[in-house]
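Using my numbering, the first residue of the sequence shown is number -15, and each one after it goes up by one.
Think of the CB as a built atom: it goes at the ideal place given N, C-alpha and C, for glycine as much as any other residue.
Shown next, in structure tokens, is the structure this report addresses.
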Amino acid sequence: METETMNIKIRLTEESRVNQLDPNNIVFGTLFTDHMFVADCVNGVWQTPEIVPYGDIAYNPAFATLHYGQSIFEGMKAFKNEENDVLIFRPLENFKRFNISAERMCMAQVPEEIFIGGLEELLKIDAAWVPKGEDNSLYLRPFMFATDVYLGVRPSLNYRFMIIMSPAGKYYATPPKVKVETEFIRAAPGGVGYAKCAGNYAASLYPAKLAAEQGYTQLLWTDAIEHKYFEESGTMNVMFVKDGKIITPAVSTTILKGITRDTLLKLAQSMGIEIEERRVSVAEIIEGISIGSVTEVFGAGTAVVVSPFAAIGFEGTDYVLPEITENSLSTKLKNALNDIRTGKVEDTFDWVWKV
Ligand code: COI
């Protein structure tokens, strides 16, 4: 069947695969919904987008993205409330950040109509894929890559923007043990650290592999100049609880401006918890864990939500953090966030969009 809705050409699958979704056994990023959204930008002009059955796409071996890495993405989540409405969380923030990444990578700007309009339409069609249950959501992955068939190095003139969706459960089965990285760097001032571009993730794989060989689940990046100050962790921002306050590295050109990060800081403030956004030194945190003033360290991100760390490895020593309880700040923040995102409590921040 082929129809046109809101200037989107829609071709639906003949057979849904939604029965493959087991809400009690979701492995992140492995199963994809029935449909995907595709919009091409040809010489600066966006063409009529399409929603088509999820599946392989054709690519040319000379696609610029394959050679020079013009590729960016976003991560978002959709939830269902008690009434089975589909809710998305702060989508305009992801839309804005996507175009900030696009600007830095010299790529086309995506219109709101395509990013948000496409997402809403796709979610309406694949609403049955939004899983219920604690820690469950539908992970939304808008992304864009360069499609010029050209081997010269220059910004591509053609792009493909797509949205795919994948049911998600808990990202980490157990609290991660994280290594403070003091040799390799994720980002340097003037670089692309604040952009959600594919290359940032590619560059992290080798140091993360070395850390995994030493028994660590993730890395805690330090600054490129002195390796003295924390930046962010593998796929998330990082927060420390010290003397009951939340301390987190201030965002800069080397740190991704996390939307979960911003959300948690606003929630913490609304709970009367003091926050400090500033430079956070490794020495301060290691000493704090040793004397008991640092009681929690956790990652904050769309995929991981709020993920408390079990231990931090620094220069060959593991600094073990106290166990997380129902009274831990990270638990309270995570519950407050989940209650808003799933419509359990009133959203006084105006963060939730009903599709
Ligand atoms: C997200 O939290 O959406 C991310 O970007 C993490 C992803 C790389 C797994």
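Practice item. Check the Cβ-Cβ distances between G153 and every residue of chain B, and say whether any is below 8 Å. Key: Here chain B cannot be found, since the structure has a single protein chain.
Check your understanding: Under a three-way DSSP split, which group does D6 fall into?
Key -> coil
Review point. Does the segment 280 to 291 touch the segment 214 to 225, meaning 3 or more C-beta pairs lie closer than 8 Å?
Key: yes
Review point. Considering only residues of the same chain and omitting the five flanking positions on each side of G228, which have a CB-CB separation below 6 Å?
Key: none
Exercise for review: Provide the residue(s) that pair with S150 in DSSP beta bridges, ordered along the chain.
Suggested key: Y123
Practice item. Any chance you could list the residues with Cβ under 5 Å from a heavy atom of the ligand COI, keeping chain order? Key: G59, T219, G285, T286, A287
Review point. Going by alpha carbons, who is nearest to L107 out of I72, G136, E96?
Key: I72
Exercise for review: Please name the residue, chosen from V339, L317, Y190, that lies closest to M255 on a Cα-to-Cα basis.
Suggested key: L317
**Study point:** Range of the contiguous alpha helix (DSSP H) that encloses N221
**Key:** Here N221 belongs to no alpha helix (DSSP H); instead the beta strand (DSSP E) covers 221 to 226.
Practice item. Can you check DSSP and say which residues form a bridge with L203? Key: K163
Exercise for review: Taking all protein chains shown into account, decide if D6 is buried (16 or more other Cβ within 10 angstroms of its Cβ) or exposed.
Suggested key: exposed
Exercise for review: Give every residue of the same chain whose Cβ lies closer than 8 Å to the Cβ of Y52, excluding the five residues on either side of it in the sequence, and list them in chain order.
Suggested key: A130, V137
Point to revise | Coil, strand or helix - A23 by DSSP | key: strand
Point to revise | DSSP state of D323 mapped onto helix, strand, coil | key: helix
Check your understanding: Are the Cβ atoms of Y303 and S274 separated by less than 8 Å?
Key -> yes
Review point. In or out: Q54 buried (at least 16 other Cβ within 10 Å) or exposed?
Key: buried
Review point. So, helix, strand or coil for S140, using DSSP?
Key: coil
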